[in-house]
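Taken in sequence, the protein lines are chains A and B.
So the first sequence is numbered by the numbering used here: it starts at 1 and just counts up by one.
So the second sequence is numbered by the numbering used here: it starts at 1001 and just counts up by one.
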Amino acid sequence: MAKFIPILFIFVPIISAVIIYLIKNKAITNIVFLTQIILIFLLGYYAYELSRDPSISIIILGGWNEKFAISLRNDTLSLLFVGLTIFMWTMVLFYTFKTNSKYHKYLFFLMFLEGIFLAFLQTNDLFNLFVFLELITVLITILLSFKKNGPSLKAAIYYLLLNTLGAMFFLIGIIILYYTYGSINMTYLAENISTHAQKPIIKFAYMMMIAGASVKAALFPLYTWLPRAHGVAYTSLSALLSGLLVKGGLYLFIRVHIYMFGYQTYQMTEVLFYIGAITALVGVVLALSQKDLKQVLAHHTISQVGIMMMGLSYGYGLSYYGGLFHLVNHALFKSLLFLCAGLIIYEYKTKKIYAIRGVFKSMPLTSIFLIIGMLAISGAPFFNGYVSKTLVKYSFKDVPLKMFLFTLINIGTVTSFLKFSQILFGDRVKLEKRKDSKQFISIITIGLLCIVIGLFYKELGMFIFNIDFSYVKLFDFRAWLDYLIYIAIGYVLYKYYISKDYKPIRQIREYQITFETANYLFIFYIAFLSLMMYYIL
Amino acid sequence: MNPILSFIVILIGIYGLAISKNIIKSVFCITIVEAGTILLFLNFGAYEGGLIPILTSLGLDVVDPLPQALMITTIVIGSTITSLALMLCIKIFHHYGSIEWKVIFKGDK
Chain A
1 MAKFIPILFI
11 FVPIISAVII
21 YLIKNKAITN
31 IVFLTQIILI
41 FLLGYYAYEL
51 SRDPSISIII
61 LGGWNEKFAI
71 SLRNDTLSLL
81 FVGLTIFMWT
91 MVLFYTFKTN
101 SKYHKYLFFL
111 MFLEGIFLAF
121 LQTNDLFNLF
131 VFLELITVLI
141 TILLSFKKNG
151 PSLKAAIYYL
161 LLNTLGAMFF
171 LIGIIILYYT
181 YGSINMTYLA
191 ENISTHAQKP
201 IIKFAYMMMI
211 AGASVKAALF
221 PLYTWLPRAH
231 GVAYTSLSAL
241 LSGLLVKGGL
251 YLFIRVHIYM
261 FGYQTYQMTE
271 VLFYIGAITA
281 LVGVVLALSQ
291 KDLKQVLAHH
301 TISQVGIMMM
311 GLSYGYGLSY
321 YGGLFHLVNH
331 ALFKSLLFLC
341 AGLIIYEYKT
351 KKIYAIRGVF
361 KSMPLTSIFL
371 IIGMLAISGA
381 PFFNGYVSKT
391 LVKYSFKDVP
401 LKMFLFTLIN
411 IGTVTSFLKF
421 SQILFGDRVK
431 LEKRKDSKQF
441 ISIITIGLLC
451 IVIGLFYKEL
461 GMFIFNIDFS
471 YVKLFDFRAW
481 LDYLIYIAIG
491 YVLYKYYISK
501 DYKPIRQIRE
511 YQITFETANY
521 LFIFYIAFLS
531 LMMYYIL
Chain B
1001 MNPILSFIVI
1011 LIGIYGLAIS
1021 KNIIKSVFCI
1031 TIVEAGTILL
1041 FLNFGAYEGG
1051 LIPILTSLGL
1061 DVVDPLPQAL
1071 MITTIVIGST
1081 ITSLALMLCI
1091 KIFHHYGSIE
1101 WKVIFKGDK
């Protein structure tokens, strides 16, 4: 029976969503926790059975021929994502339950989104991948516009239109693949991709699919929807969007670029690496100029996606696994930062960094976990960010230009979190405390996991990826020195440049990319990719 | 029909997205891109003289039914997105009194 668990992953959250929506009762909303417990047990059982009998990894619906039928398939990558999804949803539900349990529609869409996202991760059919991609877009749009105020509606329509355009290009790629290979089954395509891979039309399809995934993953210059959407949403939704759902785009990228086409088919490693590096750099520069707590975190998501892309672009070895590991770690520390920032914004009733002071004395527990999140994202030793950032560096540690870019990104991250940490200092402020112990359950769990992963990464690497991570050393004098130097440079940069708020910084902050320009940029991005493919091949 | 024609339709849609200053026009341009995509797929599935793929023409020379089944799904998704976007347009009009991109993003950040 273990074979049919992937179907349950999809339908258990959806059924609980429907129950919440139909029976509008406050007590019945507790069913979300029951759902999460069931999902965790199912995942554990399924992973155990899968390790004993690999044949249950694929389930064919309807009993058709495997080549044509709709099927669900689980491998290490999708199970990693499934586990992360269930964990993140549990944490976010703990956080949001007390405030939002009276909004049945909000919980309905949230649980429905979980089911759809789990389906998106497990499907083995390209067209279903597209359908679930569009469903995720629609559901996030509804959740974004749930506040029904001006900024959230603006962000929602911007998000919807740009992501639909990206998904349409992904669909064009699928169409061309079907036309050439006669199948949209991903396993079949992965086995037979080399028969036509050098035809121009398949290169065109590959490019279209990468462009579509890039919009979802918010790579430069297509990131414009991300800060708007993540800045205005509810805190719980921001944590989910930044921590997990933006990785839907990266998941598409891994599936298409590494699993389906194979990273060696087209030598795109260098191009994708520099796209990632520029994304990370632009994200950091934008984050440095922001004055709003949530906007800083949202722009940092762009830069961290860039770092993941730098690792994933290699497609093999420790750098690739470092990218994957950074994806998990980023989900943890970014959601931790967002949840802590949400608590602070709720208490201080403002989002401006310069208006918030004295958090450490007024909210000691929150600020301890905020500091953990900040240390993790800036790559301090003993925290999970350090492990994955060191692993990402592995493949290009001897290339000066790439290391220079990576160091610049690190210094930028440290500087902007020095700016962020200014909210901790100052005198105690009198606040009305909200009594909600459930919120601290999620914050403490995520915060402790950040440290635990930072200490026991070797065991975790063996357990999940079956890869030896002992390249990373905790007591590496060089890494400690590097981190201290980054902090010193960052402090000088912050003290004498960023905090003065000179004109260039103001200009960067006030410059906004309109929807029309975003579309021009999309066309330019496709033109750039095609030019690169033309030159490389 | 030539696949180039459907690419021209798609390009017209993207050109419209890049120049239109009105949200409703942008929504229509997305619909045009989608129509071009659907045309492209139907184009690949069909050929001249092919019969309709229904039960009475079993064993005869029929066109590929899969693109048609998939494109119906795409049309449904497209109509969902169009209706959602138009609903958002109405809400935005109530809030800002305008549906111009420039007006609603004025004074942002």
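Heads up, the beta-carbon is just placed ideally off N, CA and C, and yes, glycines get one too.
Tell me Ser71/A's beta-bridge partners as DSSP assigns them.
Ile60/A
So which residues on chain A does Leu1060/B lean against when the C-beta distance must stay under 8 Å?
Going along chain A, no residue has its Cβ under 8 Å from Leu1060/B, so there is no contact; the nearest lies around 20 Å.
Classify Leu481/A: buried if its beta carbon has 16 or more other beta carbons within 10 angstroms, exposed otherwise.
exposed
Rounding to the nearest angstrom, what Cα-Cα distance links Tyr980/B and Lys147/A in this structure?
Here chain B comprises residues numbered 1001 to 1109, so residue 980/B is not present and cannot be evaluated.
Contact criterion: CB-CB distance below 9 Å. Does Ala1046/B meet it with respect to chain A?
no
At a Cβ threshold of 9 Å, is Leu1088/B touching chain A?
yes
I'd like the ranges of any alpha helix (DSSP H) spanning at least 4 consecutive residues and lying wholly in the stretch 120–182 of chain A.
126–144 and 150–181
For Val1009/B, decide whether its Cβ has a neighbour in chain A, counting only Cβ atoms nearer than 9 Å.
no
Pop quiz: Asn410/A and Tyr486/A are said to be a contact at Cβ under 8 Å. What is the actual Cβ separation, rounded to whole angstroms?
6 Å
For Lys1078/B, which residues in the same chain have their Cβ closer than 6 Å to its Cβ, ignoring the five residues on either side in sequence?
The residue you asked about is not Lys; residue 1078/B is Gly in the sequence shown. Within the same chain, Gly1078/B has close Cβ partners Glu1034.
Could you check whether the stretch 111–126 of chain A touches the stretch 138–153 of chain A, counting it as contact only if at least three pairs of C-beta atoms, one from each stretch, sit closer than 8 Å?
yes
Return the residues of the stretch 1012–1028 of chain B that lie within a Cβ-Cβ distance of less than 8 Å from chain A, sorted by chain order.
Ile1014, Leu1017, Ala1018, Ile1019, Ser1020, Lys1021, Ile1023, Ser1026 and Val1027
In chain order, what residues of the same chain have a beta carbon less than 7 Å from the beta carbon of Tyr494/A, not counting five sequence neighbours either side?
Thr415, Leu418 and Lys419
Within 9 Å, strictly: CB atoms of Leu1055/B and Ser1006/B
no
Residue from Gly342/A, Ile345/A, Leu408/A and Phe68/A with nearest C-alpha to Leu288/A
Leu408/A
Can you tell me the Cα-Cα spacing of Gln198/A and Gly262/A, whole angstroms?
13 Å
What is the DSSP secondary structure of Ala518/A, counted as helix, strand or coil?
helix
Quick check: what's the CA-CA separation for Leu93/A versus Val32/A?
8 Å
is_contact[Tyr223/A, chain B] using C-beta, thresh 9 Å
no
Suppose the cutoff is 6 Å on Cβ atoms and the five residues either side in sequence are ignored; what does the same chain contact list for Ile526/A look like?
Ala211
May I ask you to report which of helix, strand or coil DSSP gives Asn185/A?
strand
Roughly how many angstroms lie between the CA atoms of Phe1041/B and Val1063/B, to the nearest whole one?
13 Å
Glu191/A (DSSP reduced to helix, strand or coil)
helix
According to DSSP, which residues form a beta bridge with Lys352/A?
Asp292/A
Identify the continuous alpha helix (DSSP H) that holds Gly248/A and give its terminal residues.
Lys247 to Phe253
Beta-carbon gap between Leu133/A and Phe170/A smaller than 9 Å:
yes
Counting C-beta neighbours from all protein chains within 10 Å, is the total for Ala229/A 16 or more, i.e. buried, or is it exposed?
buried
C-alpha distance - Gly1045/B paired with Asp501/A, whole-angstrom precision:
59 Å
Bridge partner(s) assigned by DSSP for Glu1100/B:
Asn1022/B
Given that a residue counts as buried once 16 or more other Cβ atoms are within 10 Å of its Cβ, and exposed if not, what is Ile258/A?
buried
Under 8 Å: do the stretch 467–483 of chain A and the stretch 390–401 of chain A share three or more Cβ pairs, one atom per stretch?
yes
Around the C-beta of Trp225/A, are 16 or more other C-beta atoms found within 10 angstroms, so that it is buried, or is it exposed?
buried
Output the distance between the C-alpha atoms of Leu118/A and Gln507/A, rounded to the nearest integer angstrom.
41 Å
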